[in-house]
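K.L.:
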């Protein structure tokens, strides 16, 4: 029996109209990080921040509606909604996929929330592809979610400087079985479970619940713990794991590094971004550095792809590599052959 193919029908993005600039971030650190360092080292000119109505789930709804508009897909044609929105949302223990399903009137769908931090979109794309191939009753899947974890960052904590880039927004991508365009090919994921609790929200869970005494502290309680262990371990394995994911995904897709036309890479500090391009033999014209958006978690890959299509960095025949990494820690890459096939 012929194995079905899976294609990307299109994407949708929602970005708030509010921004914080490098100068304002510098002020939040009391000048510990000068504006020039925020721009040059952290790679942030400005980044999105939420407005009053920009809840995590609501931004997912807006991105989903944008994707439906961009693709002309009807809501009742969606079979499954895989929500990659963050756990920091309007109401804990509500299922974001079902909230989005109701809001967009996807009456024939079922939904589930998937969490893999900033690696969630690429991970969910693999899961969606496998579901579309395996289940004859599933033909169209929407992956969607919102992100605003930047709310939890304390700019006074210099250990968190690598997360000063966290932005805000929502994204959606629609996959369809045997869709004759934009084929989703290989994907590879690696995790390092020994670091699973080294980046976390310290206050508000079962171990350390919110009390009268820690209430104010709880509002900005995202922390790195065992910072030396994390730094040493990531220095040892992070780049190696990312390139292993890229090479494995390319191998599964019958491509090699020289075939990559566009890299949809999350926002990372400027020096690491440039290092990855050099090692892949890519130029700045073959990616978009998200210095005017910040790192919007698992939104980054879809945002990068959509912006690349707008400026024709991705066109028919382009080989696209989506790259992702998330705390916990996990790394992933996939390959997309854009255009008709």
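In the working numbering, the protein residues as written are 3 to 343.
For glycine and all other residues, C-beta sits at the position ideal for the given N, C-alpha and C.
Small disclaimer: the values here were computed from a predicted structure and weren't measured.
Looking only at C-alpha atoms, which of 174, 188 and 170 sits nearest to residue 128?
P.N.:
Mapped onto the chain shown, residue 128 falls at position 126. Of 174, 188 and 170, the residue nearest in Cα terms is 188.
K.L.:
Of the choices 19, 330 and 338, whose alpha-carbon is the least far from that of residue 263?
P.N.:
The sequence position of residue 263 within the chain shown is 261, counting from 1. Checked all of 19, 330 and 338; the closest Cα to residue 263 is 338.
K.L.:
Please state whether the Cβ-Cβ distance between residue 212 and residue 220 is less than 8 Å.
P.N.:
What you label residue 212 is simply residue 210 of the chain shown in a count that begins at 1. What you label residue 220 is simply residue 218 of the chain shown in a count that begins at 1. Yes, the pair counts as a contact, with Cβ atoms nearer than the cut-off.
K.L.:
Given that a residue counts as buried once 16 or more other Cβ atoms are within 10 Å of its Cβ, and exposed if not, what is residue 64?
P.N.:
Here residue 64 refers to the residue found at position 62 when the chain shown is read from its first residue. By the neighbour-count rule (16 or more Cβ atoms within 10 Å), residue 64 is buried.
K.L.:
So the beta strand (DSSP E) residue 245 belongs to, where does it begin and stop?
P.N.:
On the chain shown, position 243 is the one that residue 245 refers to. Here residue 245 belongs to no beta strand (DSSP E); instead the alpha helix (DSSP H) covers 229-254.
K.L.:
Excluding the 5 residues flanking residue 19 on each side, which residues of the same chain have their C-beta closer than 8 Å to its C-beta?
P.N.:
Translated into positions along the chain shown, residue 19 becomes position 17. Taken in chain order, the residues that qualify are 53.
K.L.:
Is the beta carbon of residue 247 sitting closer than 8 Å to the one on residue 310?
P.N.:
Within the chain shown, the letter at position 245 stands for residue 247. Within the chain shown, the letter at position 308 stands for residue 310. No, these two residues do not count as a Cβ contact at 8 Å.
K.L.:
Thinking just about the alpha-carbon of each residue, which of 178, 173 and 205 is nearest to the one in residue 61?
P.N.:
The count along the chain shown starts at 1 and reaches residue 61 at position 59. If we check each option's Cα against that of residue 61, 173 comes out closest.
K.L.:
Cβ atoms of residue 147 and residue 170: under 8 Å apart, would you say?
P.N.:
One-based indexing of the chain shown puts residue 170 at position 168. One-based indexing of the chain shown puts residue 147 at position 145. Cβ distance not < 8 Å, so residue 170 and residue 147 don't count as in contact.
K.L.:
Consult DSSP for residue 72 and reduce its assignment to one of helix, strand or coil.
P.N.:
In the chain shown, residue 72 corresponds to position 70, counting from 1. Looking at residue 72 - three-state DSSP - the assignment turns out to be helix.
K.L.:
Spell out the partners DSSP gives residue 213 in its beta bridges.
P.N.:
Counting from 1 along the chain shown, the entry for residue 213 is found at position 211. Paired residue(s): none; residue 213 is not in a bridge.
K.L.:
From what residue to what residue does the beta strand (DSSP E) around residue 193 run?
P.N.:
Within the chain shown, the letter at position 191 stands for residue 193. Here the beta strand (DSSP E) through residue 193 covers 183-193.
K.L.:
DSSP beta-bridge partners for residue 115?
P.N.:
Start at 1 with the first residue of the chain shown, and residue 115 comes out as number 113. DSSP, once it has assigned bridges, lists 85 as partnering residue 115.
K.L.:
Note down the Cα distance separating residue 314 from residue 265, rounded to an integer number of angstroms.
P.N.:
Here residue 314 corresponds to residue number 312 of the chain shown, with the count starting at 1. Here residue 265 corresponds to residue number 263 of the chain shown, with the count starting at 1. The straight-line gap from Cα to Cα measures roughly 13 Å.
K.L.:
According to the Cβ coordinates, are residue 131 and residue 186 closer than 8 Å?
P.N.:
As a working note, residue 131 is residue 129 in the chain shown. As a working note, residue 186 is residue 184 in the chain shown. Yes, they are a contact pair.
K.L.:
DSSP beta-bridge partners for residue 297?
P.N.:
As a first step, residue 297 is located in the chain shown; it is residue number 295 there, counting from the start. Per DSSP, 168.
K.L.:
Within a Cβ cutoff of 6 Å, which residues of the same chain sit near residue 306, ignoring the five residues on either side of it in sequence?
P.N.:
If you number the chain shown from 1, residue 306 lands on position 304. Counting only Cβ-Cβ distances below 6 Å, and skipping sequence neighbours, we find 266 and 290.
K.L.:
Examine the Cβ distances between the region 190-202 and the region 230-241 and report whether three or more of them are shorter than 8 Å.
P.N.:
Touching, per the Cβ criterion.
K.L.:
Pick out whichever of 117, 317 and 260 has its Cα sitting closest to the Cα of residue 281.
P.N.:
Start at 1 with the first residue of the chain shown, and residue 281 comes out as number 279. Closest by alpha carbon: 260.
K.L.:
So residue 274 is in the beta strand (DSSP E); what residue range does that whole segment cover?
P.N.:
As a position in the chain shown, residue 274 is number 272, starting the count at 1. It is not in any beta strand (DSSP E) - residue 274 instead sits in the alpha helix (DSSP H) that spans 272-282.
K.L.:
Roughly how many whole angstroms lie between the Cα atoms of residue 150 and residue 120?
P.N.:
The sequence position of residue 150 within the chain shown is 148, counting from 1. The sequence position of residue 120 within the chain shown is 118, counting from 1. The straight-line gap from Cα to Cα measures roughly 12 Å.
K.L.:
Answer with buried or exposed for residue 270, where buried requires no fewer than 16 other C-beta atoms within 10 angstroms of its C-beta.
P.N.:
Here residue 270 refers to the residue found at position 268 of the chain shown. Classification of residue 270: buried, given that the 10 Å Cβ count is 16 or more.
K.L.:
If you count every other CB in all the chains shown that lies within 10 Å of the CB of residue 395, and 16 or more means buried, which is it?
P.N.:
Here the chain covers residues 3 to 343 and nothing more, so residue 395 does not appear.
K.L.:
To the nearest angstrom, how far is it from the Cα of residue 107 to the Cα of residue 78?
P.N.:
Along the chain shown, read from residue 1 onward, the residue named residue 107 stands at position 105. Along the chain shown, read from residue 1 onward, the residue named residue 78 stands at position 76. Going by the C-alpha atoms only, they are around 7 Å apart.
K.L.:
First and last residue of the alpha helix (DSSP H) that includes residue 108?
P.N.:
Locating residue 108 in the chain shown gives position 106, counting from the first residue. Segment: none, residue 108 is in no alpha helix (DSSP H) and carries neither H nor E.
K.L.:
Does residue 202 come out as helix, strand or coil in the three-state DSSP assignment?
P.N.:
Within the chain shown, the letter at position 200 stands for residue 202. It is a strand residue.
K.L.:
How many angstroms separate the CA atom of residue 30 from the CA atom of residue 330?
P.N.:
Your numbering for residue 30 matches position 28 in the chain shown. Your numbering for residue 330 matches position 328 in the chain shown. Using only the alpha carbons, I get a separation of about 27 Å.
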